[in-house]
Amino acid sequence: MTKLLFIFIGIPLLELMILIELGREIGFWPTIFLVIVTGFLGASLARSQGMWIWMEIQHELQQGNMPADKLVDGLLILVGGIVLLTPGLLTDIFGFMLLIPVTRKLFKTAISRKFREMADTGRTNFTM
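Read in order, the letters of the sequence shown correspond to residues -16 to 111 in the numbering used here.
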């Protein structure tokens, strides 16, 4: 419950404080411009990465393989794209990290480890 409170109340408040301070430092319009540009760049990157991973999944399926690794990539790309649509610098950084293959690999490793633990212990509920 406290994690959800932090996610839905704490992070937006922190983002708002950062945007206000950034607006004071560089001005209102440059801050708005930065938020809009990162949104468009993120959407473009999410689209290209999403299309790439979709082709990879189809290729794996045509080969008769289960594309579990690629499905995790797809999930992370989806989450990264959604997070980039929210205004704020921290969420933008997090979203871009999920979209860039090199940094996405770090998250993928952690999530894969968590799923493996769940499968090994027979636990079906997911808590963070």
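Backbone N, C-alpha and C define an ideal beta-carbon position, used for all residues, glycine too.
DSSP on residue i, reduced to helix/strand/coil?
{"i": "G47", "result": "coil"}
{"i": "G25", "result": "helix"}
{"i": "T69", "result": "coil"}
{"i": "M34", "result": "helix"}
{"i": "M80", "result": "helix"}
Among the residues of its own chain, which have a CB less than 7 Å from the CB of residue i, if the five just before and after it don't count?
{"i": "L(-3)", "result": "L73"}
Residue i and residue j look like a contact to me (Cβ under 8 Å); what is the Cβ gap, rounded to whole Å?
{"i": "L81", "j": "V62", "result": "6 Å"}
{"i": "D75", "j": "G25", "result": "7 Å"}
{"i": "G22", "j": "T14", "result": "With 8 Å as the limit, G22 and T14 do not qualify as a contact, their Cβ atoms being about 13 Å apart."}
Sorted by chain position, which residues of the same chain lie with C-beta nearer than 8 Å to residue i's C-beta, five sequence neighbours on each side aside?
{"i": "K53", "result": "I36, E39, I40, E43"}
Ends of the alpha helix (DSSP H) at residue i?
{"i": "R87", "result": "84 to 104"}
{"i": "M0", "result": "-6 to 9"}
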